Amino acid sequence: MLRFLIKRLLLTIPTFVALMFVTFIMLRLVPGDPIEVRRGERGIDPARLEQLRHEMGLDQPVWKQFLDYASGILHGDFGTSIVSKTPITHEFLTLFPATLELSLCAGLLAILLGVPAGAFAAVNRGKFFDQTLMATALTGYSMPIFWWGLVLILFFSNTLHLTPVSGRVDLVKFYYPQHTGLLLIDSLIWGPKGAFLDVVRHLILPTIVLATLPLAVVARMTRSSMLEVLEEDYVRTAKAKGLSPFRIIGLHALRNAFIPVITAIALQIGSLLAGAVQTETIFSWPGVGHWLISSISRRDYPALQGGIMLIAIVVISVNLLLELTLGIINPRLRHDQ
Amino acid sequence: MKTYRLISTAFLLGTVLVGAAQAKTLVYCSEGSPENFTPAINTTGTSFDAARPVYDKLVEFTPGTTQTQPGLAEKTDVSADGLTLTFHLRKGVKFHSGVNGFTPTRDFNADDVLWSFARQSDDKNPWHKVSGGSFDYFSDMGMPDLIDSISKTDDNTVVMKLKQPNAPILANLAMDFATIQSAEYADFLMKKGTPEQFDQLPVGTGPFSFVDYQKDAVIRYKANPDYFGGKPKVDDLVYAITPDASARYAKLKAGECQVMIAPNPADIPAMMKDDTINLIQQAGLNIGYLSMNAQKPPFDKPEVRKAIAMAIDRGAILKEVYQGAGQQAKNPIPPTMWSYDKDAVDIPYDPVAAKAALEKAGVKDLQTDLWWMPVQRPYNPNAKRMAEMMQADLEKVGIHAKLVSYEWGEYRKRAQAGEDQMALLGWTGDNGDPDNFLAVLLGCGKDGKPNGNNIPKWCDAKFQDDVNKAVTLVDQGERTKLYVDAQKIVDAQVPWVNIAHSTVFEPVSKKVTGYKVSPLGSHEFENVDVTE
Amino acid sequence: MTSETVTGEVVQLAPPTRFAAFWRAFSENRGAVVGLIVVCLIVLSGVFAPLLTSYNPLEQYRDAVKLPPIWAEGGSWSHVLGTDPLGRDMWARLIFGSRLSIFIGLSVMLVSTVIGVALGLIAARVGGLLDTIILRLMDLIMSIPDLVFAIMIIAVIGPNLVNTIVAITFVFLPRYVLLVRSAARVELTKDYVTAAKVSGLRPLRLMLTTVLPNCVAPLMVQAALGVSDAILEAAGLGFLGLGAQPPAPEWGSMLADARDLITSAPWVMAMPGLAILITVLAINLMGDGLRDALDPRLRRS
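Protein chains in written order, with the numbering used here: chain A, 9 to 345; chain B, 814 to 1345; chain C, 3 to 303.
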C-alpha cells in the first residue's frame, strides 16, 4: 500500500512541473500587457511603462522569470496579484471557501438524490419511473448551465421573488464573524437569528444549477452499474434464497455498484469546478471561478498562474485521495495503473 | 488573516454598541471590488469610490457639480502670475482612530500633505515602491512636469510652486489621486513592518472610517463623529459588491440596497414606473465617438469622414443602444461643460447624400475594420451592439466593415498606436475643464505628432494653437473664445463621428434623501440620509 | 491517417448482418430514434436555412426591435419568433446559427478523434517513456477545469470560430486518447494480435487493421457524446464572448447579448438556450441508443 502511495505521489511531480511550465508559458504568450490593461482610456507613457515592467521583473529573460517563479512556488509563494497587490494565496484562501461550500452542496445533492434515484430506476427497469428518470437525467446532462441559471433566476427570483439573485448572505442584515468561510457552519454557530436560513436561501439556486450535471451523471451511472450487478450470480442466488429485495439491493447490490459510481464522482471534480466557473459568474458568487475569469480579463498573470496551480493542486489531490480510497476498498485496482 | 479577525472582532463590538441606538445604515450596490484603498495608485472609478468615504483632498468638488470648494485647505491663494499656490490648512482635523490598531497622536497638518505628494513624485521616497509604485493619474495629469516644488512654511501652510501657469490646477487637485493620507500612520506601519497594509486598511480624515472589506462581497464603513464637515447622517455605510446589473436592480427592489450604480439601459423603463425607486438622472460629462484614422486613406479626407458621419443613423443608436438615455452629440465636448459651442450644426443622417459624397471622393466598395471595445463604459453601454448597427449602416453606403475587438488593455494600446481604421471609444471628464477633452483627445505635440490619446491621429495647427494658448490663461471668458473656435475647427474637419453624451442614471430608493449624482461619475454619501 | 480509412476498415470488417443487428437494436430504442429524427431535422434546417426563411439573419429591422414571438402579447406574424435588440429575425438567426453549432460539434469530434486515435494507439503500442509522457500530458490537461483551460487558449490565440474549435479539441483530447489507449491495451494482449504479430504483420498495419476496429464501438459512442459536449462548450465560450465574433448568429453569443434583457425581453434570451438544449439533448439521445446498440452487455438478450 505504501509503495503504491509513494508511486502515485511521485507521478504527480512531473505533472505539476509541466503544469507550472505550461501556465507560465501560455500567459507570456497572451497578448496584452498586465500594466497596459489597467490604464483604461488613458494609456501610459512609454518610459513609465518600461520602468514599471522593470519593477515587476517583466523585462527579464523568460527563463529567468520562470526560475524565479518556480522557486517562489517551492517556498509556498505564489506571487502577488497585480490588481489588488495582495498575495495570491491570501486571495485564494478568502475566496476558496465559497467555491468549496457551493461545490460540496452540489456534490452532496447529486449523490443524495442521484444514487437512490438511479438504484430505484435500475430495480424498476423499463417501467414508467425508470423512463421518466432517465429522460430527466439526460436533459440535465444536456443542459447549457449558464442558460439554466438565467432561466432559474428569471422564474424564481425575478418573477416569483422566492430566492435572492446573487451573493452568499444578506450582508447588511446579518453580519457576524466568518471563521471557517463556510457560511453554513459560520452562520449556524456564530450567526444571529435567521442568518442560517438566509445562507440557505442564497445557496439554493446556485446549488441546483451546479448540481444539475453531476446529478445526471451519478443517476445514470448508478443505474447502469446497478443493472450490471443485478445480473450477477450472487444476487440471483440471494433472490433464489428468498432474501428480501431491500436487503439484496441495500446490502449487496448497492455496495458493489458503488465503486464505479465513486469513480464517476471523482471524475466529476474537474467538471464540477468548471461548472463552478459558470455558476459563479451567473450568480455573482464570490468564489475562485469568478475570480479566475476576471483575472483573465484583467491580465493579472500572477493571480491566474497561482489560481490555476492551486486549483490543479486541489483537483490532483482529490483524485489521489479517491484513488487511494478505492485502492483500499478494492486491492485489485492498485495494480491497474 | 490575523488582522482580519482582529478587525471583525473590533467591528462586532462596534455593532453591539451602535445597535442599541438604532443605527441607520445605507447600502450602496457597487459594481466590483476595489483594487485597494489608495486612490493615487489606482485608475478605476470603482476603487476611487471605495476610498472616497475615508479620505479628503485639499480641494473638493462640490457634490453634483464640477465646481470646486475648499476641502482640507480652508483657503487657497493663487499668486498674480499663477505660479504660486498657497494652501491654508484647516486646523483641528483628526485622523480616524482605531483602524488596524492605529491611534493618531496629532491632528492633520502640513506634513501629511507633503508626504502624500512626495510618495507620488519622489522615486527615492521609501513609500514610492510600496504596492507596485505606479502613480498613473499623477503622471497623466502632467504633475511631474508642472510642479516645481511643494514645501511648508509652517504646520498649517503649504506652498506649491508651478513651472508654468495652469488654469485647471485647482480642479486637478480635487481629483482622487490628490487624496491626503496620514504620514503618521505610514510611519506606524513601517515600524510594524507591514507597509503593504497602508493601501489595504485605510486611515483618513474623511466622513466615514474604514471597518472591514471582504473581496467580491462587501466593504463596511462607519460614520466619523469628528468629521470636520459634521458627522454624516447615516451611522453605517455598506458597499454591497454586486457585479451583475440585473442583480443590483433586484436587490434595490428587495430593499437590500438603497443606491445602485449603472443600471441596465434596458431596465430603465421599468425603473421609471417603479413607485419605490427614485430614478435620478444627470447629463454625464462624457463623449462616445467613432474614431477614423486620419493617417490612413481614405480617412485622411475630411469629406470622406463627413460622409461616414452622415451614413450612420445615430438616432437609432441613441434609441437602441442608449435606450434614449443620452443626447446625440454634435461637439466633441458635452453641453454641460462651459465653452460648449451651442451654435454648432449637427451632421444629419442622410445615407443617400453620404453615398454620393463617397462616390465623389472616389470611395467605392471600401473594406475597412471597425473596432468595438470589449467593455461597458458610461459613454458606451454596449459597444458590440453599436458596432453591429454601424456595420449595417455602412454596408448600405458601400463600406464593408469587419468587426474587430481585443482584450481591453490590448485594444487601447493598439488603438493608441493607430493600428485601427475605425474604432469606437470615448472619454469621461476628470475635472470639468475643456482642456481635459480637447487637448487630451485631439491634441498634438510640439513635434507635430499626435498625443497618445489622440486616437484619430488628427493634427491641425490652428486647433493646436487655440488649445495651447487657452490652458495658460486664467480668464474664463478669453478661454471660452478660444475653445469655441477650436470646436468649430473640429466640427468642420470631423476627425471622429460624435455619437452621444450619455445620461447617467442612478436608481435610488425613495427612502434616500440628499443624494446627488456626480457628473464626474463618482459616488459620495456624506450628505445622504435614509428615512425609515 | 484520415477518418475515411477508419470507417472504411469498419465497413470492410463488419458484415452486413452485423449492421442489420445494430440497426435493429438501435431502432428498438424509441428515444434514440426520436433523437436521430430531431438531429436530422436540425441538420436539414441548417442546410436549407435560406429556404425556410425569407429573412437574412444579419438584416436589422430597426422599426421592429425586440418584437415578442407570435404567441406573446404584441407578437406579429411578420417575425414569428420575434426579433432581437437590433431588429434581426430570431427564427432566421436560430436556423442559420444551427449551421455554426453543428459545424463546431462535428469539427471538434473529427479532429479530436483522429488525433486521439493516433496518440492513443502510439501510447498503447510503443509504451515506455512515450506512453508515460502522453499520459502525464493528458493528466495535465485534465487537472485544469476545461472551461478555464479553453479560455486561456483562446486568450493566447484570439477569439474566433476556428480558434474555438482548436481550444475545445485540445481540452477534450484526453477522453479520446485515454479511451483508445486502454481499449487498445486490452486488445493487444489478446491471442489474435499475437497471432498476427507472429505472422509478421507490420506494426502500423497491425494497429490499424486489427486493433483499431475492435476499439471502434466505444469510440463511436464517445464521438457522439463528443459532438454534443463540444456544442455545449462552444456555447459556453460564446456566452463569455470568446466564440464566434459578431454579427455571426452563434447561439451562445446570442444568449450573452440578451443577458441584459432578462427582465425586459426574456424571450430573446430563452430561445437560443432552448435551441442549444434541444440540439444537445437530441444528440445525446442518439448517443445513448448507439451505446446500447453497440454494447452487447447492455443489449437485451
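Think of the CB as a built atom: it goes at the ideal place given N, C-alpha and C, for glycine as much as any other residue. Here the structure is a predicted model, which is why all the values come from computation and not from measurement.
Counting along the chain, the unbroken alpha helix (DSSP H) around residue 1121 of chain B starts and ends at 1115–1124.
Below the 7 Å Cβ cutoff, chain B contributes no neighbours of residue 61 of chain A, its closest Cβ being approximately 11 Å away. Under the three-pair Cβ rule at 8 Å, the stretch 170–189 of chain C does not count as touching the stretch 268–276 of chain C. Around residue 175 of chain A, the beta-carbon contacts reaching into chain B at under 9 Å are 1030, 1031, 1053, 1054, 1055, 1060, 1064 and 1069. Between the C-alpha atoms of residue 295 of chain A and residue 148 of chain A there is a straight-line separation of about 24 Å.
Within chain A, no residue has its CB atom less than 8 Å from the CB of residue 929 of chain B, the nearest being about 18 Å off. In this structure, the straight-line span from the alpha carbon of residue 160 of chain A to that of residue 144 of chain A is close to 16 Å. By the neighbour-count criterion, in which a residue is buried when 16 or more other Cβ atoms sit within 10 angstroms of its Cβ, residue 1000 of chain B is exposed. Under the 8 Å criterion on CB atoms, residue 1136 of chain B is classed as non-interfacial with respect to chain A.
In the DSSP annotation of this structure, the continuous segment of the alpha helix (DSSP H) that includes residue 77 of chain A starts and ends at 70–82. Rounded to the nearest angstrom, the gap between the Cα atoms of residue 195 of chain C and residue 90 of chain C is 59 Å.
Interface residue (Cβ-Cβ distance to chain A less than 8 Å): residue 204 of chain C is not classified as such.
In this structure, B:959 is the residue among B:919, B:1313 and B:959 with its C-alpha nearest to the C-alpha of residue 934 of chain B. In this structure, residue 1043 of chain B sits away from residue 908 of chain B, with a CB-CB distance that is not shorter than 8 Å.
Put simply, the CB of residue 145 of chain C is near chain A, with a gap under 8 Å to one of its CB atoms.
When secondary structure is reduced to three states using DSSP, residue 988 of chain B falls in the coil class, being assigned neither helix nor strand. Assignment of residue 202 of chain A by DSSP, reduced to helix, strand and coil, places it in the coil class. Residue-level contact by beta carbon fails for residue 210 of chain A and chain B, as no gap is shorter than 8 Å.
Using beta-carbon distances, residue 290 of chain C counts as an interface residue toward chain A, with a partner under 8 Å. Following the DSSP letters along the chain, one finds residue 1026 of chain B inside the beta strand (DSSP E) bounded by residues 1021–1027. If you draw a 10 Å sphere on the C-beta of residue 1291 of chain B, you find fewer than 16 other C-beta atoms in it, and that means exposed. The Cβ atoms of residue 1117 of chain B and residue 1164 of chain B do not sit closer than 8 Å to each other.
The criterion of a C-beta distance shorter than 8 Å is satisfied by residue 1300 of chain B and residue 1144 of chain B. The residues 184 and 185, in chain order, have a CB closer than 6 Å to that of residue 198 of chain A in the same chain once the five nearest residues on each side in sequence are set aside.
When secondary structure is reduced to three states using DSSP, residue 1309 of chain B falls in the strand class. With the rule of 3 Cβ pairs closer than 8 Å, the stretch 266–277 of chain A does not count as touching the stretch 239–254 of chain A. Contact residues of the stretch 1217–1245 of chain B toward chain A are 1219, 1220, 1221, 1222, 1223, 1225, 1226, 1229, 1238, 1239, 1240 and 1241 (C-beta to C-beta distance below 8 Å). At the C-beta level, residue 118 of chain C and residue 154 of chain A stay beyond 8 Å of one another. Judged by beta-carbon spacing, residue 317 of chain A lies within the 8 Å limit of residue 81 of chain A, meaning their Cβ atoms are closer than that value.
If you draw a straight line from the Cα of residue 293 of chain C to the Cα of residue 118 of chain A, it is about 24 Å long. Listed along chain B, no residue sits closer than 9 Å to residue 58 of chain A by beta-carbon distance, the nearest being about 12 Å off. Taking the Cβ atoms as the reference, residue 78 of chain A lies roughly 6 Å from residue 28 of chain A, within the contact range of under 8 Å.
Under a criterion of Cβ atoms nearer than 7 Å, the residues of chain C adjacent to residue 1077 of chain B are, in order, 262. By the criterion of a C-beta distance shorter than 6 Å, residue 179 of chain C is surrounded in its chain by 118, 121, 122 and 140, once the five residues flanking it on both sides are discounted. Only residues of its own chain outside the window of five on either side were considered, and among them 140, 143 and 144 have a CB closer than 6 Å to the CB of residue 176 of chain C, listed in chain order. One alpha carbon belongs to residue 111 of chain C, the other to residue 228 of chain C, and they sit about 6 Å apart.
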